[in-house]
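Colleague: Just so we're aligned, residue 55 is where the sequence shown starts under this note's numbering, counting upward by one.
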Amino acid sequence: MMNSTTINNTTIKEQLWFIVPAAGVGRRMRSQQSKQYLALAGSTVLEQTLNALLAIDDIAGIVVAIHANDRQWESLVIADHEKIHNVRGGKERCDSVLAALHFLEDKMSSVDWVLVHDAARPCIQPQSVQKMINELHNDEVGGILAVPVSDTLKKVNDEQCIQATVDRSTIYQAQTPQMFRYGVIYRALTQATDHQQPITDEASAVEQMGLLPKVVIGCQDNIKITHSGDLWLAEMILRYYGTINTKGD
55 MMNSTTINNT TIKEQLWFIV PAAGVGRRMR SQQSKQYLAL AGSTVLEQTL NALLAIDDIA
115 GIVVAIHAND RQWESLVIAD HEKIHNVRGG KERCDSVLAA LHFLEDKMSS VDWVLVHDAA
175 RPCIQPQSVQ KMINELHNDE VGGILAVPVS DTLKKVNDEQ CIQATVDRST IYQAQTPQMF
235 RYGVIYRALT QATDHQQPIT DEASAVEQMG LLPKVVIGCQ DNIKITHSGD LWLAEMILRY
295 YGTINTKGD
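1. Can you tell me the Cα-Cα spacing of D160 and D166, whole angstroms?
2. Thinking just about the alpha-carbon of each residue, which of M233, R175, N140 and D212 is nearest to the one in Q184?
3. Once you ignore the five residues that flank T64 on each side, which residues in its own chain have a CB closer than 8 Å to its CB?
4. Taking only the alpha-carbon atoms, compute the straight-line gap between V168 and R241 and give it to the nearest angstrom.
5. Tell me whether the beta-carbon of V195 lies closer than 8 Å to the beta-carbon of A154.
6. Can you grab the Cα-Cα spacing for the pair T219 / E256, in whole Å?
7. If you count every other CB in all the chains shown that lies within 10 Å of the CB of S150, and 16 or more means buried, which is it?
8. Suppose you measure from the CA of I225 to the CA of P202; what does that come to, to the nearest Å?
9. Flag this pair as touching only if the region 71 to 80 and the region 111 to 131 have three or more C-beta atom pairs under 8 Å; answer yes or no.
10. How about the region 176 to 183 and the region 274 to 282: do they share at least three Cβ pairs that are nearer than 8 Å?
11. Rounded to a whole number of angstroms, what is the C-alpha to C-alpha distance between Q214 and L107?
12. Let me confirm a value: M162 is counted as buried when at least 16 other C-beta atoms fall within 10 Å, else exposed. Which label applies?
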């Protein structure tokens, strides 16, 4: 359901917009094809991702940030969906997200919610996102989906020799979506880029403002397609959940 907040005794319905940065080239895939356009279960990685997001209740829309030289986007049937918009992405992820935020500037208030989701995470399940929305809707900042690290972690030196075993009890692996108030994420990314601060995800930019994003426990199967073997695993996950879309719409 659509969430609401109260400001000066006035109840305001909060919009939910997704931003999907899809301007990257995915060099680790060792493919001529950008990984978001690789074939997956009868369509493409990006189409599977977008269809998963469209299945989430009450979203206002999705903004996809694509590369300036992208010639494949327009060939996708889903590109014409009434809830999907596209903008020109930037060199870095944060530039693409900022471009989408600029597009949304006159469509959102500072307390509306922005959920940034990786184009290469097609296995996200609506119930995970709904859980996140339910847990964060009263928060002033926002938070991320993440999973506890289960493997033993080792710290090594330059010679690849183990120096220590890392206590993993407080270590989590960040996922997406990452959900923040529009005003918070806009200020965070603007300040980070203005000061050339290194950021690896949206939460890291918010952290640099001195704010404390919350962690909502996600699912291990919300994988990010990074290497070629991940495509096979992603298809198995989609088949398990019965969420494969072969038409791209």
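Note that CB positions come from ideal geometry on N, CA and C, so glycine has one too.
All figures in this text were calculated on a predicted structure; none of them were measured in a lab.
Modeller: From the atom records:
1. 12 Å
2. M233
3. Residue placement at T64 is poorly supported in this model, since its pLDDT is 46, which falls under 50; the coordinates are not used for a value here.
4. 13 Å
5. no
6. Roughly 28 Å separates the two Cα atoms.
7. buried
8. 6 Å
9. yes
10. yes
11. 41 Å
12. With 16 or more Cβ atoms within 10 Å of its Cβ, M162 is classed as buried.
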